[in-house]
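Undergrad: Here you go, one structure.
In my numbering, the protein residues as written are 47 to 141.
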């Protein structure tokens, strides 16, 4: 899914049935903004990769430095490293 980082709007998506894209986009945007506030205040800069592990799945997001986020939702057993690489490639293509 491609999401605007500022307001969490869905730019493009390809989601599994039953996934509420608008809710995921808003959540991801909010998480990135709040995390960026905390990490900037602590002196480590803006996050480039977000990994949220939950009981039923994983939310992964890459911020390529622009106002676009590339987001993926996956099963809990996913190979996060491989998905991260693909998200980075997608982010580079979008930016």
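Cβ atoms here follow ideal geometry from the backbone N, Cα and C, with glycine treated the same way.
Who pairs with residue 85 in a beta bridge, going by DSSP?
TA: The partner list for residue 85 (beta bridge, DSSP) is empty, contrary to what the question assumes.
Undergrad: With respect to the beta strand (DSSP E) encompassing residue 137, which residues constitute its N-terminal and C-terminal limits?
TA: Here residue 137 belongs to no beta strand (DSSP E); instead the alpha helix (DSSP H) covers 126–140.
Undergrad: Could you tell me which residues DSSP puts in a beta bridge with residue 55?
TA: Note: residue 55 sits in no beta bridge, so no partner.
Undergrad: Let me know the secondary structure DSSP gives residue 75 once reduced to three states.
TA: helix
Undergrad: Can you list, in chain order, the residues of its chain with a C-beta nearer than 6 Å to that of residue 124? Leave out the 5 residues immediately preceding and following it.
TA: 104
Undergrad: Sorted by chain position, which residues of the same chain lie with C-beta nearer than 6 Å to residue 54's C-beta, five sequence neighbours on each side aside?
TA: Scanning its chain for C-beta atoms nearer than 6 Å, with the 5 sequence neighbours on each side dropped, one finds around residue 54 the residues 71, 72, 75, in chain order.
Undergrad: Hey, residue 146 and residue 95 are a contact pair by Cβ (cut 8 Å); roughly how many whole angstroms apart?
TA: Shown here, the chain extends from 47 to 141; a query on residue 146 therefore has no answer.
Undergrad: Under 7 Å Cβ to Cβ from residue 56, same chain only, skipping five residues before and after it: list those, please.
TA: 47, 49, 67, 68, 71
Undergrad: I need the straight-line Cα distance from residue 58 to residue 102, nearest angstrom please.
TA: 24 Å
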